[in-house]
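**Q**
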Amino acid sequence: MAIFESHGADEVVTGSCHLLRLENGVNILVDCGMYQGKEEHRNEEPFGFDPAEVHVLLVTHAHLDHVGRIPKLVKEGFTGTIIATKATFELANVVLLDSAKLMEEEYRTQYRKALRRGEEKRVKPPLYTVEDVENVWLLPTVHAPYDKPIAVAKGVQAVYRNAGHILGSAFIELSHKEGGAKHKIVFSGDLGNIREIVMPLVEQAHEAEHLVIESTYGDRNHRPMKESVAEFKKAVRETLLNRGNVIIPSFAIERTQDILCILKQMYRDKELPYCKVFLDSPMGIRATNIFNRYVDELRPVCQEFYRRDGDVFDFPGLHFTVDVEDSKRINEIERGAIIIAGSGMCTGGRILHHFKHQIWNERNTVIFVGYQAEGTIGRKIVEGAKWIKIYREKIRVRAKIFTINGFSAHADQNELIRWMKGFEKLGEIFLVHGEYDKQLVLQKAIKKRLGKKATIVEEGKEYFLQPGGKSPTKKKKKK
12 MAIFESHGAD EVVTGSCHLL RLENGVNILV DCGMYQGKEE HRNEEPFGFD
62 PAEVHVLLVT HAHLDHVGRI PKLVKEGFTG TIIATKATFE LANVVLLDSA
112 KLMEEEYRTQ YRKALRRGEE KRVKPPLYTV EDVENVWLLP TVHAPYDKPI
162 AVAKGVQAVY RNAGHILGSA FIELSHKEGG AKHKIVFSGD LGNIREIVMP
212 LVEQAHEAEH LVIESTYGDR NHRPMKESVA EFKKAVRETL LNRGNVIIPS
262 FAIERTQDIL CILKQMYRDK ELPYCKVFLD SPMGIRATNI FNRYVDELRP
312 VCQEFYRRDG DVFDFPGLHF TVDVEDSKRI NEIERGAIII AGSGMCTGGR
362 ILHHFKHQIW NERNTVIFVG YQAEGTIGRK IVEGAKWIKI YREKIRVRAK
412 IFTINGFSAH ADQNELIRWM KGFEKLGEIF LVHGEYDKQL VLQKAIKKRL
462 GKKATIVEEG KEYFLQPGGK SPTKKKKKK
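Position in the sequence shown (from 1) plus 11 gives the number in our numbering.
1. Determine whether the beta carbon atoms of histidine 77 and leucine 476 lie at a separation below 8 Å.
2. Span of the alpha helix (DSSP H) holding glutamine 369?
3. Just the C-alpha distance for methionine 431 and histidine 52, rounded to the nearest angstrom, thanks.
4. By Cβ distance below 7 Å, which residues in the same chain neighbour valine 209 in space, the five residues on each side in sequence not counted?
5. Residue range of the alpha helix (DSSP H) that tyrosine 474 falls in?
6. Nearest to tyrosine 122 by CA position, among Gly59, Pro137, Glu64, is which residue?
7. Given a threshold of 16 other Cβ atoms within 10 Å of its Cβ, counted over all protein chains shown, does glutamate 225 qualify as buried or as exposed?
8. Determine the extent of the alpha helix (DSSP H) in which tryptophan 398 is found, giving its start and end residues.
9. Does DSSP classify glutamine 168 as helix, strand or coil?
10. Determine the DSSP secondary structure at isoleucine 428, reduced to helix, strand or coil.
11. Could you pull out every unbroken alpha helix (DSSP H) segment of at least 4 residues lying fully inside the segment 88–174, listed in chain order?
12. Measuring only the C-alpha atoms, how far is tyrosine 382 from phenylalanine 243?
13. If contact is defined by three or more beta carbon pairs under 8 Å, each pair taking one atom from either stretch, is the segment 92–100 in contact with the segment 41–58?
14. Along the chain, where does the beta strand (DSSP E) containing leucine 451 start, and where does it finish?
15. Counting along the chain, where does the beta strand (DSSP E) carrying valine 223 start and finish?
16. Please confirm if the segment 387–405 is in contact with the segment 293–306, defined as three or more CB-CB distances below 8 Å between the two stretches.
17. Taking the C-alpha atoms as reference points, what is the distance between aspartate 320 and lysine 188?
18. Compute the beta-carbon to beta-carbon distance between threonine 227 and histidine 421, rounded to the nearest angstrom, for a pair I have assumed lies under 8 Å.
19. Near glutamate 87, what residues of its chain come up, given a Cβ to Cβ distance below 6 Å and the 5 sequence neighbours on each side ignored?
20. Are the beta-carbon atoms of glutamate 373 and alanine 410 separated by less than 8 Å?
21. Beta-carbon within less than 8 Å of tyrosine 305's beta-carbon, same chain only, minus the 5 sequence neighbours each way: which residues are those?
22. Compare the beta carbon distance of glutamate 473 and valine 23 with 8 Å and say whether it is the shorter of the two.
23. Going straight from the alpha carbon of leucine 494 to that of phenylalanine 60, what length do you get?
24. In its own chain, which residues sit with a C-beta less than 7 Å from the C-beta of leucine 108, not counting the 5 before and 5 after it?
25. If you count every other CB in all the chains shown that lies within 10 Å of the CB of valine 333, and 16 or more means buried, which is it?
26. Just to confirm the assignment, what range does the alpha helix (DSSP H) spanning aspartate 21 have?
27. Going by DSSP, what residue range makes up the beta strand (DSSP E) through threonine 376?
28. Considering aspartate 291, what are the terminal residues of the beta strand (DSSP E) in which it resides?
29. Is it right to say lysine 195 is buried, meaning 16 or more other beta carbons lie within 10 angstroms of its own, or is it exposed?
30. From asparagine 146 to asparagine 375, what distance separates their C-alpha atoms?
31. Starting from glutamate 56, follow the alpha helix (DSSP H) in both directions and report where the run begins and ends.
32. Once you ignore the five residues that flank lysine 490 on each side, which residues in its own chain have a CB closer than 7 Å to its CB?
33. Whole angstroms are fine: how far does the CA of phenylalanine 326 sit from the CA of serine 239?
34. Smallest Cα separation from proline 260: which of Arg340, Thr358, Glu249, Asp280?
35. Would you be able to state if there are at least three C-beta pairs under 8 Å between the segment 30–42 and the segment 332–350?
36. Between Glu394, Lys455, Ile39, which has its C-alpha nearest threonine 90's C-alpha?
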């Protein structure tokens, strides 16, 4: 009997890491992501399993909370095969290198300060380094095409299907033989928002004895995209006409590209007042270039931009800022700038420098277009904080604050339910990747609208997957 365990994204949004132990002895890990926000300390903890005993790592997509601990996994003994779509491999390399460089820089900064205090031995080394990231790609890798079965191990096949979340994202249909019969478990990864601007619609799955599904927005429904875009445009126009600057914390992958597409369309429709637009994110710039190479996997509007302009996202007035000194000079601009910078959850990166110089000015506007995890500066601002602390300096929040959740790259409650309704056969449902209170809401909605029980997955518990997906799940604490 197969056993399923979660070692991340259990009753929280970040840190996705799910282990499947099959009856034939094959151990498969699905994602190995980094914790963020108030759960960040868990990245330092040992895995709840032996990485050396994992045979295959399946990656659903390249967001940090799904790939961020892969170098740690390899450092601690994983030597198996990594399987993902080609675009996911390209984006994951960008994400992991950026993560490693930030951690190395933070370590060097803290070490210099500790050295002056004579406390250098107390400084923790980075979770992993650039060299550790490079070591990941020395392992065997397999590029998974969409919609075609690939061999994972003896008696085990996987089919990657487009999840419509970010470039290269997939939900994974995993089939294995047990007791002479074939069984299927589906891992949703993160499912896309049907109102997406850049990414195509999520494909429909049809059969699963066991479904492991994300629940990030399981408690709510997004605003219509048309309303969200209209509010975004209004905030941008009013700020620029009021001689202010617009600051947009944005995830480098997918959300940044959405925003660039909207601004490009505003420019073409003469809706954008004169301004300079800065993509102030080296990782966002690299990701945007990768998106341009996979234009056939994007929405028709993006393909039309590419055919007409030779580039999906570029337009007059857009500046890519790579150099640190150029980034600093942006804050010398008193009005007429749109600044798109990471990190998306405001946990670090250049966005904090822009907050420091811009958020105290009442003429300016901050537009949040992505999820802000508990414990992050972004979450505090969204929840109405009047003061924030950046680099030990207390900063007054006077800028106008907009939170536009319609841009989410995640499916909302209605979309999650609709997707599950599309299954012709559906057994047990396991909820992961969501805050507990929101999972409770989705759990009740599933019971009411689908007539099914859903299990909220707990960290480190073993879930015994009954053939047919009909029997109650047995579970016990891992020793």
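By construction, the Cβ of each residue, glycine as well, lies at the ideal position given by its N, Cα and C atoms.
**A** So, to answer that:
1. no
2. 361–369
3. 34 Å
4. Glu265, Gln268, Asp269, Cys272, Leu309, Arg310, Cys313
5. Premise fails: tyrosine 474 lies in the beta strand (DSSP E), 472–476, not in any alpha helix (DSSP H).
6. Pro137
7. buried
8. Segment 398–401 is the beta strand (DSSP E) holding tryptophan 398; no alpha helix (DSSP H) there.
9. strand
10. helix
11. 97–128, 141–147
12. 16 Å
13. no
14. Element bounds for leucine 451: not the beta strand (DSSP E) but the alpha helix (DSSP H), 447–461.
15. 218–225
16. no
17. 50 Å
18. 5 Å
19. Pro62
20. yes
21. Ala98, Leu178, Gly179
22. no
23. Past the edges of the chain, shown from 12 to 490, lies residue 494, and the structure says nothing about it.
24. Val141, Val144
25. exposed
26. Neither: aspartate 21 is in no alpha helix (DSSP H) and is coded neither H nor E.
27. 376–379
28. 287–291
29. buried
30. 44 Å
31. Here glutamate 56 belongs to no alpha helix (DSSP H), and DSSP marks it neither H nor E.
32. Since pLDDT at lysine 490 reaches only 47, below the 50 mark, its modelled position is unreliable, and no value is offered.
33. 22 Å
34. Thr358
35. no
36. Ile39
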